[in-house]
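Visitor: Numbering of the sequence shown is given in my numbering, commencing with residue 18 and proceeding in unit increments. Glycine included, every Cβ here is placed at the ideal spot set by N, Cα and C.
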Amino acid sequence: MLDSGGMPEKEDNPPTLASLRARGQTKRVRARAAVPMREYADEVSKTQQSQASDRPQMGLLFAAGPAEEVSEVLAENAQSRSRRPTSSGKTAQLATRSVDSATVVQQSRIWSVRDLVGQIRQQLEGGYADLWVEGEVSNCRPAPSGHVYFTLKDGEAQLPVVLFRRQAILLRFKPADGLAVLVRGRVSVYESRGQLQLIAETMEPRGAGALQLAFEQLKARLLAEGLFDAERKRPLPAFPKCVGVITSPTGAVIRDIVTVCRRRHARLSLLVYPATMQGANCASSVIAGLRWFHDNPGMADVIVIARGGGSMVDLAGFNDEALARAIAASELPVVSAIGHETDFTIADFVADLRAPTPSAAAELVTAGQHRIEERVAALERRVQRAGRYQLMQARQRYTRLSAESVLRRLRDAVSRRDQRLDELRLRLEAAIARRLRMPEQRLTGLTYRLKRQDVSLQLAAAGHRLQQARARLERASARRIAQQQSRLGQAVVRLEALSPLAVLGRGYALAYGADGKLLHSSALATLDQSIRIRLAQGAIVAKVTEIEVADEPSKT
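Given below as structure tokens:
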């Protein structure tokens, strides 16, 4: 046995997880390259911690290399633990030797994150390419692209799962949170996040059967869309000439339908479209039959989808969503005759009419034809009664006829003709008068138009308009002058109120100095100064003999 450095190791020393891990790394280095020193030291540290608790780190071993290396390491680790426990001092010594011996090897290559994650993804996809995982769905997120993302978990762990669109459309049920499922797929790594995930290929529910769950979910969805509403179901034609039958041409169903149709109406034509009525191709085969009758509208008047009884697995093809929508979109009425009376499929709910058995479907289709003789006999009896009634009334009218009544009817006829002549005479006179009035009305119109073009009339109208305009101008001028005079009077009043002369008229006076400036204060005058005092009327010249200074107002 070799240790992490490739040197012989004593057989009596049990291998530690560090030595086993180092040997797995040495194999990978010889094949391609080594793990970076920092990452390797972290892994050794984790390994030592796991040995202290005597529990190997499964996540680290799972990401260390291919499935064969992981199995070998786990097996040897189990053997070593079965021999005797490893002391902590010897474990630390072997781990140190592993780190020192790996330093030389690891210097050959330094991994980038992308290359390392890509290598791990390739090894995981190669070692876990096909497996089944059971768990509970949580955090289910259907994407607009059609992909479905959810988490598969149990009581101790969880695993992200992605179900791509091409697999999601093949599911017979809709994933939902809390649903226990069994998923088949492969393990991979989402490189953008460095996240372990399961790429699902198919999925089955646990607990309730997959077919029953798919049936209930599809039934609820189509019911919510209104495909089961009675308003959209069409009645069957009363007298179909040809019935299209989609069934197996070799089964007992077609023989029962032929027997019933020949017994009830021998002239009814049957057109059989051979279809697969069980298995994976059942739904697509029946859809092809519906499309054929749709592309050939004159071949049949009504379509019957018939199949014998069977288990729910045998009838699973008639619980297909595509088949249900094809039946709903059919332009011809569709009769569903699938299984026995106790069997129900999605096709029964979508079809225009459900028959409990194929034989009952044949009876329902030929119901109108079977009763045609009774209808003809009833119509014949109605015609005979009507003829006898009309003959009886004619005989009664004939017995009431006499010579006097004939003459009276002749006179009435002549009178009606005279009345008709008078009416036509009145209508003729009215038409002649209307025809004669038309030239007179035209002449009157032309005369009126000619008068409107007379120059004297136009001049009189223009003179009248001129007089009206002159009157309006005079009224506007007078109104404008009055407004201006009013404004002038108001301005004079305001000007007189603000005039200094008005103030002087109330007993005030203006004193001017020798320089002609207005004296606002006694401090501006001097003794013996000549001043000029302006009064309301006139002015006086005076000399200052005394000056009184006014006290300044006190400031509060």
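When the Cβ atoms of the segment 392-411 are set against those of the segment 282-299, are three or more pairs found closer than 8 Å?
Guide: Contact between the segment 392-411 and the segment 282-299 is absent, because fewer than three Cβ pairs lie under 8 Å.
Visitor: Which of the three DSSP states is assigned to Y415 in this structure?
Guide: Mapped onto the sequence shown, residue 415 falls at position 398. In the structure shown, Y415 sits in a helix (DSSP, three-state: H, G or I).
Visitor: Could you pull the start and end residues of the beta strand (DSSP E) that E151 belongs to?
Guide: Against the sequence shown, residue 151 aligns to sequence position 134. Unbroken beta strand (DSSP E) run through E151: 148-159.
Visitor: DSSP on M316, reduced to helix/strand/coil?
Guide: Counting from 1 along the sequence shown, the entry for residue 316 is found at position 299. In the structure shown, M316 falls within a coil segment according to DSSP collapsed to helix, strand and coil.
Visitor: Leaving out five residues on either side along the sequence, give the residues of the same chain with a beta carbon under 6 Å from the beta carbon of F256.
Guide: Reading the sequence shown from its first residue, position 239 is the one you call residue 256. So the qualifying residues of the chain are G385.
Visitor: Inspect the beta-carbon positions of D365 and S376 and report whether they are closer than 8 Å.
Guide: For the purposes of this step, residue 365 is identified with residue 348 of the sequence shown, where counting begins at 1. For the purposes of this step, residue 376 is identified with residue 359 of the sequence shown, where counting begins at 1. Going by C-beta atoms, D365 is not nearer than 8 Å to S376.
Visitor: Would you call H282 buried or exposed, if buried means 16 or more other Cβ atoms sit within 10 Å of its Cβ?
Guide: Position 265 of the sequence shown, counting from 1, holds the residue named residue 282. So H282 counts as buried.
Visitor: Taking contact to mean 3 or more Cβ pairs, one atom from each stretch, closer than 8 Å, check whether the segment 182-190 and the segment 127-142 are in contact.
Guide: no
Visitor: Which value, in whole angstroms, describes the spacing of the CA atoms of Q212 and F181?
Guide: As a position in the sequence shown, residue 212 is number 195, starting the count at 1. As a position in the sequence shown, residue 181 is number 164, starting the count at 1. Between Q212 and F181, the C-alpha separation is close to 17 Å.
Visitor: Go ahead and pull the three-state DSSP assignment for Q189.
Guide: Here residue 189 refers to the residue found at position 172 of the sequence shown. Checking the sequence shown, residue 189 turns out to be Arg, not Gln. Coil at R189, not helix or strand.
Visitor: Can you name the residues that DSSP bridges to Y207?
Guide: Counted from its first residue, the sequence shown places residue 207 at position 190. Looking at the DSSP assignment, Y207 forms a beta bridge with Q212.
Visitor: Identify which residue in R433, E348, L285 has its Cα closest to the Cα of D369.
Guide: Translated into the one-based positions of the sequence shown, residue 369 becomes position 352. Among R433, E348, L285, the Cα nearest to that of D369 belongs to E348.
Visitor: Tell me the residue span of the alpha helix (DSSP H) that contains P375.
Guide: Position 358 of the sequence shown, counted from the first residue, corresponds to residue 375. 375-382 is the span of the alpha helix (DSSP H), which, as asked, contains P375.
Visitor: Would you call the segment 546-557 and the segment 522-536 in contact, with 3 or more CB pairs under 8 Å?
Guide: yes
Visitor: Rounded to a whole number of angstroms, what is the C-alpha to C-alpha distance between Y406 and R392?
Guide: Along the sequence shown, one-based indexing puts residue 406 at 389. Along the sequence shown, one-based indexing puts residue 392 at 375. Near 21 Å, if we compare the C-alpha coordinates of R392 and Y406.
Visitor: Which stretch, first to last residue, makes up the alpha helix (DSSP H) that contains G135?
Guide: As a position in the sequence shown, residue 135 is number 118, starting the count at 1. Segment 130-144, the alpha helix (DSSP H) holding G135.
Visitor: List the endpoints of the continuous alpha helix (DSSP H) containing P517.
Guide: By one-based count along the sequence shown, residue 517 stands at place 500. Residues 517-522.
Visitor: Go to F167, then tell me how far its beta strand (DSSP E) extends in each direction, as first and last residue.
Guide: As a first step, residue 167 is located in the sequence shown; it is residue number 150 there, counting from the start. Looking at the DSSP string, the run of the beta strand (DSSP E) that includes F167 is 165-170.
Visitor: For A297, I'd like the list of residues in its chain whose CB is within less than 7 Å of its CB, leaving aside the five on either flank, ordered along the chain.
Guide: Taking the sequence shown and counting its residues from 1, one reaches residue 297 at position 280. So the list is empty, once near-sequence residues are dropped.
Visitor: Give me, in chain order, the residues of the same chain whose beta-carbon lies closer than 6 Å to that of A84; leave out the 5 immediate sequence neighbours on both sides.
Guide: Here residue 84 refers to the residue found at position 67 of the sequence shown. Legend: pLDDT at A84 = 37, less than 50; position of this residue unreliable, value from coordinates given subsequently. G144, listed in sequence order.
Visitor: Tell me the rounded alpha-carbon separation between D194 and S129.
Guide: Within the sequence shown, numbered from 1, the residue matching residue 194 stands at position 177. Within the sequence shown, numbered from 1, the residue matching residue 129 stands at position 112. Each residue's alpha carbon lies about 38 Å from the other.
Visitor: Suppose only complete runs of 3+ residues qualify. What are the beta strand (DSSP E) ranges in the segment 243-324, listed by chain order?
Guide: 259-264, 286-291, 319-324
Visitor: Name the one or two DSSP bridge partners that T559 has.
Guide: On the sequence shown, position 542 is the one that residue 559 refers to. As written in the sequence, residue 559 is Ala, which differs from the Thr given in the question. Note: A559 sits in a beta bridge opposite I548.
Visitor: For D337, count the other beta carbons within 10 Å of its own beta carbon; 16 or more makes it buried, fewer makes it exposed. Which is it?
Guide: As a first step, residue 337 must be located in the sequence shown, where it is residue number 320. With 16 or more Cβ atoms within 10 Å of its Cβ, D337 is classed as buried.
Visitor: Take the Cβ of Y455 as the centre, count every other Cβ of all protein chains shown within 10 Å, and call the residue buried at 16 or more, exposed below.
Guide: Translated into the one-based positions of the sequence shown, residue 455 becomes position 438. The sequence given here has Met at residue 455, not Tyr. A residue is called buried once 16 or more other Cβ atoms fall within 10 Å of its Cβ, and M455, having fewer, is exposed.
Visitor: To which residues does DSSP link A595 through a beta bridge?
Guide: Since the displayed the chain opens at 18 and closes at 573, residue 595 lies outside it and no answer follows.
Visitor: For T264, collect the residues of the same chain with a Cβ closer than 6 Å to its Cβ; drop the 5 residues on either side in sequence, then sort them by chain order.
Guide: As a first step, residue 264 is located in the sequence shown; it is residue number 247 there, counting from the start. Here T264 has V270, I271, A323 as same chain residues with Cβ atoms under 6 Å from its own Cβ, once five neighbours each way along the sequence are excluded.
Visitor: So, helix, strand or coil for E565, using DSSP?
Guide: Taking the first residue of the sequence shown as position 1, residue 565 is located at position 548. Correct three-state label for E565: coil.
Visitor: Just verifying my parser: in three-state terms, what is the DSSP assignment at T362?
Guide: Translated into the one-based positions of the sequence shown, residue 362 becomes position 345. Looking at T362 - three-state DSSP - the assignment turns out to be coil, as it is neither helix nor strand.
Visitor: For S353, report the span of its beta strand (DSSP E) as first-last.
Guide: Taking the first residue of the sequence shown as 1, we reach residue 353 at position 336. Start and end: 351-355.
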